[in-house]
Amino acid sequence: MLELVAAFICLTTLLTYVNYRFIGLPPAIGVMVTALLFSLILQGLSLIGFPGLEERVEGLMNQIDFNDLLMHWMLAFLLFAGALHVNLSDLRSYRWPIGLLATLGVLIATVVIGYLAHWVFGMFGWQVPLIYCLLFGALISPTDPIAVLGALRTANAPKPLKTTIVGESLFNDGTAVVVFTVLLGIIQLGETPSIPDTAILFAREAIGGALFGGLIGYATYRMIKSVEQYQVEVMLTLALVIGGSAMCYELHVSAPIAMVVAGLIIGNLGRNLAMNDMTRRYMDGFWELIDDMLNALLFALIGLELLLLPFNWLHLAAGAVLAVAVLLSRLLTVAPAIVLLRRWRPVPKGTVRVLTWGGLRGGVSVALALSLPLGEERDLLLSITYIVVLSSILVQGLSIGRVVRKVSAQP
245 MLELVAAFIC LTTLLTYVNY RFIGLPPAIG VMVTALLFSL ILQGLSLIGF PGLEERVEGL
305 MNQIDFNDLL MHWMLAFLLF AGALHVNLSD LRSYRWPIGL LATLGVLIAT VVIGYLAHWV
365 FGMFGWQVPL IYCLLFGALI SPTDPIAVLG ALRTANAPKP LKTTIVGESL FNDGTAVVVF
425 TVLLGIIQLG ETPSIPDTAI LFAREAIGGA LFGGLIGYAT YRMIKSVEQY QVEVMLTLAL
485 VIGGSAMCYE LHVSAPIAMV VAGLIIGNLG RNLAMNDMTR RYMDGFWELI DDMLNALLFA
545 LIGLELLLLP FNWLHLAAGA VLAVAVLLSR LLTVAPAIVL LRRWRPVPKG TVRVLTWGGL
605 RGGVSVALAL SLPLGEERDL LLSITYIVVL SSILVQGLSI GRVVRKVSAQ P
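Laid out in C-alpha coordinates, this is it:
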(Lines of atoms letter the chains of each structure in order from A and count residues from 1; the text may use other names and numbers.)
(Lines give C-alpha, C1' and ligand atoms only; values in the text may rest on other atoms or scores of the structure.)
Protein backbone atom coordinates (compact mmCIF):
# COMPACT_ATOMS: atom_id res chain seq x y z
CA MET A 1 0.00 0.00 0.00
CA LEU A 2 2.86 2.38 0.83
CA GLU A 3 4.33 1.79 -2.65
CA LEU A 4 0.95 2.63 -4.23
CA VAL A 5 0.69 5.89 -2.25
CA ALA A 6 4.25 6.84 -3.19
CA ALA A 7 3.65 6.09 -6.89
CA PHE A 8 0.41 8.05 -6.94
CA ILE A 9 1.92 11.11 -5.23
CA CYS A 10 4.92 11.05 -7.59
CA LEU A 11 2.64 10.75 -10.64
CA THR A 12 0.42 13.60 -9.44
CA THR A 13 3.49 15.78 -8.86
CA LEU A 14 4.72 15.02 -12.37
CA LEU A 15 1.30 15.87 -13.85
CA THR A 16 1.24 19.12 -11.86
CA TYR A 17 4.67 20.04 -13.22
CA VAL A 18 3.67 19.22 -16.81
CA ASN A 19 0.56 21.40 -16.51
CA TYR A 20 2.47 24.32 -14.96
CA ARG A 21 5.38 24.09 -17.39
CA PHE A 22 3.65 23.30 -20.69
CA ILE A 23 -0.16 23.60 -20.52
CA GLY A 24 -0.95 26.45 -18.15
CA LEU A 25 -4.52 25.58 -17.18
CA PRO A 26 -5.86 26.33 -13.67
CA PRO A 27 -4.00 23.92 -11.34
CA ALA A 28 -6.72 21.39 -10.43
CA ILE A 29 -8.31 21.30 -13.89
CA GLY A 30 -4.88 21.15 -15.56
CA VAL A 31 -3.89 18.14 -13.45
CA MET A 32 -7.12 16.38 -14.41
CA VAL A 33 -6.55 17.11 -18.11
CA THR A 34 -2.98 15.77 -17.98
CA ALA A 35 -4.22 12.69 -16.10
CA LEU A 36 -6.83 12.13 -18.82
CA LEU A 37 -4.14 12.42 -21.49
CA PHE A 38 -1.97 10.01 -19.52
CA SER A 39 -4.87 7.51 -19.40
CA LEU A 40 -5.43 7.82 -23.15
CA ILE A 41 -1.70 7.39 -23.85
CA LEU A 42 -1.65 4.21 -21.76
CA GLN A 43 -4.63 2.85 -23.68
CA GLY A 44 -2.94 3.74 -26.97
CA LEU A 45 0.34 2.06 -25.96
CA SER A 46 -1.57 -1.09 -25.03
CA LEU A 47 -3.02 -1.19 -28.53
CA ILE A 48 0.23 -0.65 -30.48
CA GLY A 49 2.62 -3.05 -28.89
CA PHE A 50 2.72 -2.86 -25.11
CA PRO A 51 0.12 -5.45 -24.09
CA GLY A 52 -0.64 -5.69 -20.39
CA LEU A 53 0.55 -2.17 -19.57
CA GLU A 54 -2.95 -0.76 -19.20
CA GLU A 55 -4.05 -3.81 -17.20
CA ARG A 56 -1.18 -3.37 -14.72
CA VAL A 57 -2.09 0.27 -14.15
CA GLU A 58 -5.76 -0.70 -13.83
CA GLY A 59 -4.78 -3.25 -11.19
CA LEU A 60 -3.08 -0.54 -9.17
CA MET A 61 -6.05 1.81 -9.57
CA ASN A 62 -8.45 -0.90 -8.40
CA GLN A 63 -6.60 -0.98 -5.08
CA ILE A 64 -7.79 2.59 -4.39
CA ASP A 65 -11.26 2.83 -2.83
CA PHE A 66 -12.22 6.20 -4.34
CA ASN A 67 -15.49 6.42 -2.41
CA ASP A 68 -13.89 5.75 0.98
CA LEU A 69 -10.86 7.94 0.27
CA LEU A 70 -12.90 10.96 -0.79
CA MET A 71 -16.03 10.74 1.35
CA HIS A 72 -14.32 9.65 4.58
CA TRP A 73 -11.03 11.55 4.44
CA MET A 74 -10.20 13.96 1.64
CA LEU A 75 -13.57 15.75 1.69
CA ALA A 76 -13.23 16.58 5.39
CA PHE A 77 -9.83 18.25 4.86
CA LEU A 78 -10.97 20.12 1.75
CA LEU A 79 -14.22 21.40 3.26
CA PHE A 80 -12.49 22.53 6.45
CA ALA A 81 -9.81 24.33 4.42
CA GLY A 82 -12.47 25.98 2.24
CA ALA A 83 -14.62 27.06 5.21
CA LEU A 84 -11.62 28.65 6.96
CA HIS A 85 -11.69 31.51 4.46
CA VAL A 86 -15.46 32.12 4.39
CA ASN A 87 -16.64 35.19 6.28
CA LEU A 88 -19.44 34.19 8.64
CA SER A 89 -21.17 37.59 8.48
CA ASP A 90 -21.22 37.40 4.66
CA LEU A 91 -22.65 33.88 4.86
CA ARG A 92 -25.33 35.09 7.27
CA SER A 93 -26.26 37.93 4.92
CA TYR A 94 -27.00 35.50 2.08
CA ARG A 95 -28.45 32.70 4.21
CA TRP A 96 -31.79 32.60 2.37
CA PRO A 97 -30.53 31.95 -1.17
CA ILE A 98 -27.89 29.57 0.22
CA GLY A 99 -30.47 27.71 2.33
CA LEU A 100 -32.98 27.45 -0.53
CA LEU A 101 -30.41 26.20 -3.04
CA ALA A 102 -28.74 23.77 -0.61
CA THR A 103 -32.01 22.09 0.45
CA LEU A 104 -35.05 22.65 -1.74
CA GLY A 105 -32.83 23.17 -4.79
CA VAL A 106 -31.22 19.74 -4.35
CA LEU A 107 -34.64 18.05 -3.97
CA ILE A 108 -36.07 19.74 -7.08
CA ALA A 109 -32.93 18.98 -9.10
CA THR A 110 -33.08 15.31 -8.03
CA VAL A 111 -36.62 14.92 -9.39
CA VAL A 112 -36.06 16.96 -12.57
CA ILE A 113 -32.78 15.20 -13.47
CA GLY A 114 -34.21 11.80 -12.55
CA TYR A 115 -37.16 12.09 -14.93
CA LEU A 116 -35.04 13.62 -17.70
CA ALA A 117 -32.53 10.77 -17.30
CA HIS A 118 -35.32 8.19 -17.48
CA TRP A 119 -36.47 9.72 -20.78
CA VAL A 120 -32.91 9.97 -22.19
CA PHE A 121 -32.03 6.39 -21.24
CA GLY A 122 -35.21 5.15 -22.92
CA MET A 123 -34.33 7.18 -26.04
CA PHE A 124 -30.99 5.33 -26.22
CA GLY A 125 -32.64 1.93 -25.69
CA TRP A 126 -31.63 1.37 -22.03
CA GLN A 127 -34.46 0.20 -19.78
CA VAL A 128 -33.34 1.71 -16.48
CA PRO A 129 -35.85 1.65 -13.58
CA LEU A 130 -37.07 5.09 -12.49
CA ILE A 131 -35.68 4.61 -8.98
CA TYR A 132 -32.15 4.31 -10.43
CA CYS A 133 -32.74 7.44 -12.50
CA LEU A 134 -33.78 9.33 -9.36
CA LEU A 135 -30.67 7.96 -7.66
CA PHE A 136 -28.63 9.43 -10.51
CA GLY A 137 -30.47 12.73 -9.97
CA ALA A 138 -29.54 12.69 -6.27
CA LEU A 139 -25.85 11.99 -6.81
CA ILE A 140 -25.40 14.53 -9.64
CA SER A 141 -27.56 17.33 -8.19
CA PRO A 142 -25.19 18.79 -5.55
CA THR A 143 -22.62 21.29 -6.73
CA ASP A 144 -19.17 20.13 -5.76
CA PRO A 145 -17.42 22.40 -3.22
CA ILE A 146 -13.95 21.34 -4.33
CA ALA A 147 -14.55 22.05 -8.02
CA VAL A 148 -16.44 25.28 -7.26
CA LEU A 149 -13.77 26.68 -4.91
CA GLY A 150 -11.04 25.82 -7.40
CA ALA A 151 -12.84 27.54 -10.27
CA LEU A 152 -13.82 30.66 -8.33
CA ARG A 153 -10.31 31.15 -6.96
CA THR A 154 -9.24 32.60 -10.31
CA ALA A 155 -12.56 34.31 -11.12
CA ASN A 156 -13.01 37.78 -9.66
CA ALA A 157 -16.68 37.24 -8.81
CA PRO A 158 -18.68 39.92 -6.95
CA LYS A 159 -19.02 39.12 -3.24
CA PRO A 160 -22.79 38.29 -3.29
CA LEU A 161 -22.36 35.77 -6.11
CA LYS A 162 -19.18 34.25 -4.71
CA THR A 163 -20.63 33.92 -1.21
CA THR A 164 -23.83 32.32 -2.50
CA ILE A 165 -22.07 29.81 -4.76
CA VAL A 166 -19.46 28.84 -2.15
CA GLY A 167 -21.98 28.71 0.71
CA GLU A 168 -24.37 26.53 -1.27
CA SER A 169 -21.63 24.15 -2.38
CA LEU A 170 -20.32 23.78 1.19
CA PHE A 171 -23.71 22.79 2.61
CA ASN A 172 -25.65 20.96 -0.12
CA ASP A 173 -23.68 17.72 0.23
CA GLY A 174 -25.60 16.91 3.43
CA THR A 175 -28.98 17.14 1.70
CA ALA A 176 -27.77 15.17 -1.32
CA VAL A 177 -26.27 12.37 0.78
CA VAL A 178 -29.50 11.98 2.77
CA VAL A 179 -31.63 11.84 -0.41
CA PHE A 180 -29.14 9.41 -1.97
CA THR A 181 -29.17 7.22 1.16
CA VAL A 182 -32.98 7.09 1.25
CA LEU A 183 -33.24 6.13 -2.44
CA LEU A 184 -30.46 3.56 -2.10
CA GLY A 185 -32.26 2.07 0.90
CA ILE A 186 -35.42 1.69 -1.20
CA ILE A 187 -33.42 -0.30 -3.78
CA GLN A 188 -31.65 -2.47 -1.22
CA LEU A 189 -34.62 -3.09 1.11
CA GLY A 190 -37.35 -2.97 -1.51
CA GLU A 191 -39.56 -0.67 0.58
CA THR A 192 -40.07 3.08 0.88
CA PRO A 193 -39.20 4.52 4.30
CA SER A 194 -41.86 6.58 6.04
CA ILE A 195 -41.73 10.36 6.17
CA PRO A 196 -40.91 10.34 9.92
CA ASP A 197 -38.02 7.91 9.30
CA THR A 198 -36.70 10.13 6.52
CA ALA A 199 -37.01 13.23 8.71
CA ILE A 200 -35.14 11.49 11.53
CA LEU A 201 -32.38 10.42 9.13
CA PHE A 202 -32.03 13.98 7.83
CA ALA A 203 -32.03 15.45 11.35
CA ARG A 204 -29.42 12.98 12.56
CA GLU A 205 -27.13 13.48 9.58
CA ALA A 206 -27.49 17.19 8.82
CA ILE A 207 -28.54 18.83 12.10
CA GLY A 208 -26.48 16.36 14.14
CA GLY A 209 -23.45 17.08 11.96
CA ALA A 210 -23.89 20.85 12.39
CA LEU A 211 -24.24 20.56 16.17
CA PHE A 212 -21.26 18.23 16.50
CA GLY A 213 -19.16 20.45 14.24
CA GLY A 214 -20.08 23.46 16.36
CA LEU A 215 -19.13 21.59 19.54
CA ILE A 216 -15.69 20.42 18.41
CA GLY A 217 -15.03 23.68 16.59
CA TYR A 218 -15.75 25.77 19.69
CA ALA A 219 -13.74 23.40 21.92
CA THR A 220 -10.76 23.71 19.57
CA TYR A 221 -11.16 27.50 19.45
CA ARG A 222 -10.97 27.64 23.27
CA MET A 223 -7.84 25.48 23.24
CA ILE A 224 -6.20 27.68 20.58
CA LYS A 225 -7.05 30.76 22.63
CA SER A 226 -5.23 29.31 25.66
CA VAL A 227 -1.85 28.91 23.91
CA GLU A 228 0.53 31.21 22.05
CA GLN A 229 2.56 28.77 19.94
CA TYR A 230 1.65 28.42 16.29
CA GLN A 231 2.93 24.83 16.00
CA VAL A 232 0.49 23.68 18.71
CA GLU A 233 -2.37 25.71 17.26
CA VAL A 234 -1.92 24.29 13.75
CA MET A 235 -1.70 20.75 15.19
CA LEU A 236 -4.96 21.34 17.07
CA THR A 237 -6.78 22.11 13.81
CA LEU A 238 -5.23 19.05 12.17
CA ALA A 239 -6.41 16.86 15.06
CA LEU A 240 -9.84 18.51 14.82
CA VAL A 241 -10.27 17.39 11.21
CA ILE A 242 -8.81 13.88 11.56
CA GLY A 243 -10.35 13.01 14.93
CA GLY A 244 -13.60 14.87 14.28
CA SER A 245 -14.20 13.05 10.98
CA ALA A 246 -13.58 9.66 12.58
CA MET A 247 -16.02 10.48 15.39
CA CYS A 248 -18.67 11.64 12.90
CA TYR A 249 -18.74 8.22 11.26
CA GLU A 250 -18.99 6.53 14.65
CA LEU A 251 -21.89 8.81 15.62
CA HIS A 252 -23.54 8.53 12.16
CA VAL A 253 -23.67 12.28 11.62
CA SER A 254 -22.57 14.19 8.53
CA ALA A 255 -18.80 14.68 8.57
CA PRO A 256 -18.88 17.17 5.65
CA ILE A 257 -21.35 19.45 7.44
CA ALA A 258 -19.47 19.09 10.73
CA MET A 259 -16.19 20.12 9.09
CA VAL A 260 -17.80 23.12 7.39
CA VAL A 261 -19.23 24.38 10.69
CA ALA A 262 -15.96 23.73 12.55
CA GLY A 263 -14.02 25.51 9.80
CA LEU A 264 -16.31 28.53 10.00
CA ILE A 265 -15.77 28.76 13.77
CA ILE A 266 -11.98 28.47 13.56
CA GLY A 267 -11.81 30.78 10.53
CA ASN A 268 -13.89 33.50 12.21
CA LEU A 269 -13.80 33.27 16.01
CA GLY A 270 -10.37 31.64 16.07
CA ARG A 271 -8.80 33.95 13.50
CA ASN A 272 -10.18 37.16 15.06
CA LEU A 273 -10.04 36.40 18.79
CA ALA A 274 -7.50 33.63 19.42
CA MET A 275 -4.60 34.00 16.95
CA ASN A 276 -1.75 36.45 16.61
CA ASP A 277 -0.38 37.53 13.24
CA MET A 278 2.27 34.78 13.12
CA THR A 279 -0.29 32.05 13.88
CA ARG A 280 -2.65 33.38 11.20
CA ARG A 281 0.17 33.35 8.65
CA TYR A 282 1.23 29.78 9.45
CA MET A 283 -2.37 28.56 9.79
CA ASP A 284 -3.31 29.98 6.38
CA GLY A 285 -0.12 28.70 4.75
CA PHE A 286 -0.56 25.18 6.17
CA TRP A 287 -4.19 24.77 5.14
CA GLU A 288 -3.69 26.38 1.73
CA LEU A 289 -0.91 23.87 1.07
CA ILE A 290 -3.10 20.97 2.23
CA ASP A 291 -5.93 22.29 0.05
CA ASP A 292 -3.75 22.61 -3.06
CA MET A 293 -2.10 19.20 -2.61
CA LEU A 294 -5.35 17.32 -2.02
CA ASN A 295 -7.03 19.12 -4.91
CA ALA A 296 -4.21 17.99 -7.20
CA LEU A 297 -4.44 14.39 -5.91
CA LEU A 298 -8.23 14.32 -6.26
CA PHE A 299 -8.35 15.68 -9.79
CA ALA A 300 -5.52 13.40 -10.88
CA LEU A 301 -7.51 10.47 -9.50
CA ILE A 302 -10.61 11.61 -11.41
CA GLY A 303 -8.56 11.73 -14.61
CA LEU A 304 -7.06 8.29 -14.05
CA GLU A 305 -10.47 6.73 -13.28
CA LEU A 306 -11.01 6.76 -17.06
CA LEU A 307 -8.99 3.53 -17.18
CA LEU A 308 -11.56 1.70 -15.06
CA LEU A 309 -14.82 2.70 -16.75
CA PRO A 310 -16.62 0.77 -19.51
CA PHE A 311 -17.12 3.45 -22.19
CA ASN A 312 -18.68 3.33 -25.63
CA TRP A 313 -19.94 5.98 -28.04
CA LEU A 314 -23.52 5.65 -26.83
CA HIS A 315 -22.35 6.48 -23.30
CA LEU A 316 -20.62 9.60 -24.60
CA ALA A 317 -23.72 10.72 -26.53
CA ALA A 318 -26.07 10.08 -23.60
CA GLY A 319 -23.64 11.79 -21.21
CA ALA A 320 -23.53 14.88 -23.42
CA VAL A 321 -27.34 15.06 -23.52
CA LEU A 322 -27.60 14.61 -19.76
CA ALA A 323 -24.91 17.25 -19.15
CA VAL A 324 -27.26 19.72 -20.86
CA ALA A 325 -30.17 18.32 -18.81
CA VAL A 326 -28.22 18.91 -15.58
CA LEU A 327 -27.59 22.53 -16.62
CA LEU A 328 -31.30 22.91 -17.40
CA SER A 329 -32.27 21.56 -13.98
CA ARG A 330 -29.79 23.97 -12.41
CA LEU A 331 -31.50 26.86 -14.16
CA LEU A 332 -34.93 25.62 -13.03
CA THR A 333 -33.81 25.55 -9.39
CA VAL A 334 -31.79 28.78 -9.38
CA ALA A 335 -34.18 31.09 -11.25
CA PRO A 336 -37.25 30.73 -8.94
CA ALA A 337 -35.10 31.18 -5.81
CA ILE A 338 -33.52 34.37 -7.15
CA VAL A 339 -36.84 35.76 -8.44
CA LEU A 340 -38.35 35.14 -4.99
CA LEU A 341 -35.37 36.75 -3.28
CA ARG A 342 -35.70 39.91 -5.41
CA ARG A 343 -38.95 40.70 -3.57
CA TRP A 344 -37.03 41.40 -0.36
CA ARG A 345 -33.56 42.56 -1.38
CA PRO A 346 -31.64 43.78 -4.44
CA VAL A 347 -29.90 41.06 -6.48
CA PRO A 348 -27.02 41.85 -8.87
CA LYS A 349 -27.64 41.56 -12.60
CA GLY A 350 -26.59 38.25 -14.11
CA THR A 351 -26.98 36.35 -10.82
CA VAL A 352 -29.07 33.56 -12.38
CA ARG A 353 -26.57 33.17 -15.24
CA VAL A 354 -23.52 32.97 -12.95
CA LEU A 355 -25.18 30.67 -10.41
CA THR A 356 -26.34 28.36 -13.19
CA TRP A 357 -22.99 28.19 -14.96
CA GLY A 358 -21.06 28.07 -11.66
CA GLY A 359 -22.86 24.93 -10.46
CA LEU A 360 -19.97 22.56 -11.14
CA ARG A 361 -20.15 18.83 -10.47
CA GLY A 362 -17.07 16.96 -9.29
CA GLY A 363 -15.57 14.19 -7.19
CA VAL A 364 -18.49 13.91 -4.76
CA SER A 365 -20.79 12.74 -7.57
CA VAL A 366 -18.22 10.18 -8.78
CA ALA A 367 -17.73 8.89 -5.22
CA LEU A 368 -21.48 8.43 -4.69
CA ALA A 369 -21.79 6.65 -8.06
CA LEU A 370 -19.00 4.27 -7.05
CA SER A 371 -21.00 3.30 -3.93
CA LEU A 372 -23.93 1.97 -6.01
CA PRO A 373 -24.63 -1.79 -5.80
CA LEU A 374 -22.92 -3.89 -8.48
CA GLY A 375 -24.89 -4.48 -11.65
CA GLU A 376 -25.61 -3.19 -15.15
CA GLU A 377 -27.31 -0.08 -13.78
CA ARG A 378 -24.21 0.80 -11.75
CA ASP A 379 -21.90 0.48 -14.76
CA LEU A 380 -24.16 2.70 -16.85
CA LEU A 381 -24.73 5.35 -14.18
CA LEU A 382 -21.04 5.44 -13.27
CA SER A 383 -20.00 6.02 -16.88
CA ILE A 384 -22.67 8.70 -17.42
CA THR A 385 -21.78 10.40 -14.11
CA TYR A 386 -18.13 10.51 -15.10
CA ILE A 387 -18.92 12.08 -18.48
CA VAL A 388 -21.22 14.71 -16.91
CA VAL A 389 -18.59 15.56 -14.27
CA LEU A 390 -15.84 15.87 -16.89
CA SER A 391 -17.95 18.11 -19.11
CA SER A 392 -18.90 20.24 -16.12
CA ILE A 393 -15.31 20.75 -14.97
CA LEU A 394 -13.80 21.22 -18.43
CA VAL A 395 -16.53 23.38 -20.01
CA GLN A 396 -17.99 25.31 -17.07
CA GLY A 397 -14.85 25.31 -14.92
CA LEU A 398 -12.68 26.76 -17.67
CA SER A 399 -15.21 29.40 -18.71
CA ILE A 400 -16.75 30.56 -15.42
CA GLY A 401 -14.17 33.34 -15.21
CA ARG A 402 -15.25 34.76 -18.56
CA VAL A 403 -18.93 34.55 -17.57
CA VAL A 404 -18.22 36.39 -14.31
CA ARG A 405 -16.20 39.11 -16.06
CA LYS A 406 -18.89 39.58 -18.70
CA VAL A 407 -21.61 39.91 -16.06
CA SER A 408 -19.47 42.25 -13.93
CA ALA A 409 -18.84 44.51 -16.95
CA GLN A 410 -22.56 45.08 -17.50
CA PRO A 411 -23.83 48.45 -16.24
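In case it helps, my numbering puts the sequence shown at residues 245 to 655. Every residue, glycine too, gets a C-beta built ideally from N, C-alpha and C. Please read these numbers as outputs of a predicted model, since none were measured by experiment.
Buried/exposed call for residue i, threshold 16 Cβ in 10 Å
i, result
"ASP388", "buried"
"GLN640", "buried"
"LEU263", "According to the sequence provided, residue 263 is Asn. The question's Leu does not apply to it. Counting Cβ neighbours within 10 Å, ASN263 comes out buried, since at least 16 surround it."
"PHE310", "buried"
"ASN416", "buried"
"ARG525", "exposed"
"PHE282", "buried"
"GLU620", "exposed"
"CYS254", "exposed"
"VAL476", "exposed"
"VAL471", "exposed"
"TYR493", "exposed"
"SER385", "buried"
"TRP660", "An answer regarding residue 660 cannot be provided, because it is not within the stretch 245 to 655 covered by the chain."
"ARG345", "Arg is not the amino acid found at residue 345; the sequence shown has Leu there. When all chains shown are included, LEU345 counts as buried."
"LEU379", "buried"
"LEU618", "exposed"
"PHE266", "exposed"
"ILE273", "buried"
"MET522", "exposed"
"GLU299", "exposed"
"ALA518", "buried"
"LYS191", "One cannot answer for residue 191 here, as it falls past the ends of the chain, which runs 245 to 655."
"VAL350", "buried"
"LEU414", "buried"
"PHE555", "exposed"
"GLU449", "buried"
"ILE292", "exposed"
"ILE628", "buried"
"LEU427", "buried"
Delimiting residues of the alpha helix (DSSP H) encompassing residue i
i, result
"TYR526", "521-548"
"HIS316", "Run containing HIS316: none; DSSP gives neither H nor E here."
"TRP588", "Careful: TRP588 lies outside any alpha helix (DSSP H) and carries neither H nor E."
"ILE631", "620-635"
"VAL610", "607-614"
"TYR465", "452-469"
"PRO617", "It is not in any alpha helix (DSSP H) - PRO617 carries neither H nor E in the DSSP assignment."
"GLY343", "339-346"
"PHE555", "Per DSSP, PHE555 belongs to no alpha helix (DSSP H) and is neither H nor E."
"ALA443", "439-446"
"LEU599", "595-601"
Presumed contact (8 Å Cβ cut-off) between residue i and residue j, rounded CB distance
i, j, result
"PRO271", "ALA540", "7 Å"
"GLU412", "ILE352", "No, GLU412 and ILE352 are not in contact; Cβ-Cβ is about 13 Å, not under 8 Å."
"VAL591", "LEU585", "6 Å"
"PHE190", "LEU383", "Residue 190 lies beyond the range of the chain shown here (245 to 655); nothing can be said about it."
"LEU626", "LEU553", "6 Å"
"LEU604", "SER636", "5 Å"
"ASP535", "LEU322", "6 Å"
"VAL410", "VAL421", "Going by Cβ atoms, the distance from VAL410 to VAL421 rounds to 19 Å, so no, they are not a contact pair."
"GLY418", "GLY453", "6 Å"
"ALA656", "VAL504", "No information on residue 656 is available, as it lies outside the stretch 245 to 655 that the chain covers here."
"ALA490", "GLY457", "Not confirmed; about 14 Å, so no contact."
"LEU405", "THR595", "6 Å"
"VAL275", "PHE543", "5 Å"
Closer than 8 Å: residue i CB and nearest the ligand SAH heavy atom
i, result
"SER636", "Only the bare structure without any ligand can be found here, which leaves the ligand SAH out of the picture."
Query raised in the report: What runs of the alpha helix (DSSP H), each 4 residues or longer, lie entirely inside the stretch 362-425?
Result: Complete alpha helix (DSSP H) runs here, min 4: 374-384 and 389-396.
Query raised in the report: Is the stretch 559-578 close to the stretch 596-603, with three or more CB pairs under 8 Å?
Result: Three or more Cβ pairs closer than 8 Å define a contact, and the stretch 559-578 meets that threshold against the stretch 596-603.
Query raised in the report: If we count Cβ pairs, one from each stretch, closer than 8 Å, do we get three or more for the stretch 308-323 versus the stretch 610-619?
Result: Touching, yes, given that three or more Cβ pairs across the two stretches are closer than 8 Å.
Query raised in the report: Counting Cβ pairs closer than 8 Å, one from the stretch 478-487 and one from the stretch 439-458, do we hit at least three?
Result: Remark: fewer than three beta-carbon pairs, one from each stretch, lie closer than 8 Å, so the stretch 478-487 and the stretch 439-458 are not flagged as touching.
Query raised in the report: Along the chain, which unbroken stretches of the alpha helix (DSSP H) at least 4 residues long are found entirely within the stretch 252-306?
Result: Secondary structure within the stretch 252-306: the alpha helix (DSSP H) runs of 4 or more consecutive residues, fully enclosed, are 271-292 and 297-306 (chain order).
Requested in this report: Report yes or no: do three or more beta-carbon pairs, one from the stretch 459-472 and one from the stretch 502-513, lie closer than 8 Å?
Outcome: When C-beta atoms of the stretch 459-472 are compared with those of the stretch 502-513, three or more pairs fall below 8 Å, so the two segments count as touching.
Requested in this report: Check whether the stretch 351-365 touches the stretch 331-341, taking contact to mean three or more Cβ pairs, one atom from each stretch, closer than 8 Å.
Outcome: Segments in contact, no.
Query raised in the report: Which runs of the alpha helix (DSSP H) spanning at least 4 residues fall entirely within the stretch 483-526, listed in chain order?
Result: Fully contained in the stretch 483-526 are the following alpha helix (DSSP H) runs of length 4 or more, in chain order: 499-509.
Requested in this report: Decide if the stretch 487-503 is in contact with the stretch 541-558; the criterion is three or more beta carbon pairs, one per stretch, under 8 Å apart.
Outcome: Because the criterion of three Cβ pairs below 8 Å is not met, the stretch 487-503 and the stretch 541-558 do not touch.
Report task. Assess, as a yes-or-no matter, whether the stretch 626-638 is touched by the stretch 562-570 under the definition of 3 or more beta carbon pairs within less than 8 Å. Result -> Contact between the stretch 562-570 and the stretch 626-638 is present: three or more C-beta pairs spanning the two stretches fall below 8 Å.
Query raised in the report: Just checking, does the stretch 277-292 make contact with the stretch 358-372 on the three C-beta pairs under 8 Å criterion?
Result: The stretch 358-372 and the stretch 277-292 do not touch, with fewer than three beta-carbon pairs separated by less than 8 Å.
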